[in-house]
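Per this note's numbering, residue 6 is the first one in the sequence shown, and the count goes up by one each step. These notes concern the structure reproduced below.
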Amino acid sequence: MHKIKGGICAIEGVRANGIKEEKKGLTVILGEGEAAGVFTKNKIKAAPLILTEKNLSSTGKLRGIIANSGSANAFTGKEGYEDAVKMARLLAEEIDSPVEEIGVASTGVIGERIDFDWIRKKFGEVFLKISNTEDASKMANRGIMTTDTREKEFAIEYKGVKIGGIAKGSGMIAPDMATMLSFIYTDAKFSSKILRRSLMRAVDKSFNMLSIDGDMSTNDTVLLTATGDFSMREEDFQRALDEVCLELARKIALDGEGATKYVEVRVKGAKKRGDARIAAKSVVNSSLVKTAIFGGDPNWGRIIAALGYSGAEIDGDKISLFLGNPDEDQNTVILNGEVLRLDEERFREILSKDKIIIEVDLGLGREEAISFGCDLSYDYVKINGAYRT
């Protein structure tokens with residue numbers, strides 16, 4: 006398995022482009038094949054998500070995706086749904102496709118309808134320059150960015166099959182998806198049913214283990230389209246898809262709103278997999294843990310508290326806690342329930358780095374899980390306090 010250049014355009018048959026003008030953006034991606042999607046668990050779902058989920062349930066295929074940034078088109082009533090249909094129809098008519106084989110996505114301010122006149126005006130400009138170049142993938146990525154500060158794309162080749170994806174997400178990122186969009190393509194050949202099964206598994210260990218601020222969006226969408234004819238064992242495909250989704254999740258965590266440090270929480274020794282997951286999520290989602298990391302404060306008690314209220318089975322006499330990269334500078338804080346004498350300076354030195362790894366051994370079993378996130382800084386408040394202005 007090795008990384009390749011090109012993002013989604015590394016996949017044969019995929020063409021893309023995008024445009025970003027101040028707070029508005031538009032992305033168009035072409036790539037035909039069996040498809041599947043995973044969507045937000047928020048009970049308030051955005052109009053484009055409802056439409057895309059309906060389309061995939063009906064056909065199991067996609068021929069293209071059209072997405073906008075700036076307005077979420079969520080909680081916008083019948084008019085908002087009609088706007089989503091108009092977006093789908095705009096692309097469908099251009100490529101002579103059924104509307105039911107078009108995916109639509111939006112991201113931005115909730116409660117605001119899309120500016121369809123702007124989208125229609127810019128669509129021709131975007132479509133005219135659609136291509137399969139590395140730059141085209143990056144432009145498509147930029148078209149869906151909101152508070153993101155950088156593009157997020159990743160592609161790999163494994164056993165002759167390529168998988169590439171782009172993603173956006175920077176804030177309103179919580180376990181069980183995030184305010185994020187991700188579009189993934191592969192030249193493997195699988196049915197929609199297998200793609201959905203594989204995507205759900207990959208999302209479960211990647212995007213669903215990601216948290217920036219604890220808020221869950223109305224628009225979260227991950228779409229996977231298989232455009233090719235390459236055969237591959239399902240378990241091999243799963244391994245490759247997992248890697249792409251994990252890397253995209255890490256890139257989102259690295260670009261959290263106002264973030265200064267990437268945080269990874271590794272929990273092992275749980276009796277059940279579910280316990281490992283909720284324990285890891287609880288720590289990465291804790292505002293007190295995040296702020297301590299931002300301030301370089303060696304307040305490890307906040308980690309223990311987050312484990313204690315996580316809902317996971319915990320025995321304080323068996324917990325071990327380590328801070329730092331196990332390959333470089335790991336520091337043991339607690340060993341089998343006993344607090345070791347701490348070197349405060351050493352602790353602060355570890356917390357001053359831009360990548361923080363927290364490792365917990367619950368000492369109860371063999372199950373493990375990893376969660377991803379970042380610190381919580383002053384800039385996070387500034388960004389979100391002025392989001393609409």
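Glycine included, each C-beta is placed from N, C-alpha and C at the ideal position.
- Across the structure, Ala-310 and Asp-88 are spaced so that their CA atoms are roughly 46 Å apart.
- Counting the other Cβ atoms within 10 Å of the Cβ of Ile-49 gives fewer than 16, which makes it exposed.
- Counting only residues of its own chain and dropping the five nearest sequence neighbours on each side, Asn-330 has a CB closer than 6 Å to the CB of Ile-362.
- Rounded to whole angstroms, the separation of the alpha carbons of Glu-349 and Glu-158 is 38 Å.
- The three-state reading of DSSP puts Thr-57 in helix, counting H, G and I together.
- Taking C-alpha positions only, Asp-192 is separated from Asp-334 by approximately 40 Å.
- Residues of the same chain with a CB within less than 7 Å of the CB of Ile-9, apart from the 5 flanking positions on each side, are Ala-15, Ala-160, Ile-161, Glu-162 and Lys-167 in chain order.
- Under the three-pair Cβ rule at 8 Å, the segment 67-86 counts as touching the segment 105-114.
- Note on Ser-197: 16 or more other CB atoms within 10 angstroms of its CB, so buried under the neighbour-count rule.
- Of Leu-259, Ile-13, Phe-377 and Ile-375, the smallest CA-CA separation from Glu-139 is found for Ile-13.
- Shown here, Lys-273 sits in a strand according to DSSP, grouped into three states.
- The Cβ atoms of Val-272 and Val-365 sit closer than 7 Å to each other.
- With contacts defined by Cβ atoms closer than 7 Å, Lys-66 and Ala-97 do not form a contacting pair.
- For the options Thr-81, Val-104 and Lys-83, the alpha carbon positioned closest to that of Met-92 is the one of Val-104.
- Restricting attention to alpha helix (DSSP H) runs no shorter than 4 residues, the segment 228-304 encloses them at 239-259, 278-290 and 292-300, ordered along the chain.
- Under the DSSP definition of a beta bridge, Cys-379 partners with Tyr-267.
- Collapsing the DSSP output to three states places Arg-371 in coil.
- Rounded to the nearest whole angstrom, the C-alpha separation of Ile-375 and Glu-117 is 35 Å.
- Contact between Ile-171 and Phe-188 holds: their C-beta atoms lie close to 6 Å from each other, under 8 Å.
- Per DSSP, the continuous alpha helix (DSSP H) segment holding Ala-311 begins and ends at 306-313.
- The beta carbon of Ser-102 sits closer than 7 Å to those of Arg-68 and Gly-69, all from its chain and outside the five residues before and after it, given in chain order.
- In the displayed model, Val-19 falls within coil according to three-state DSSP, outside both helix and strand.
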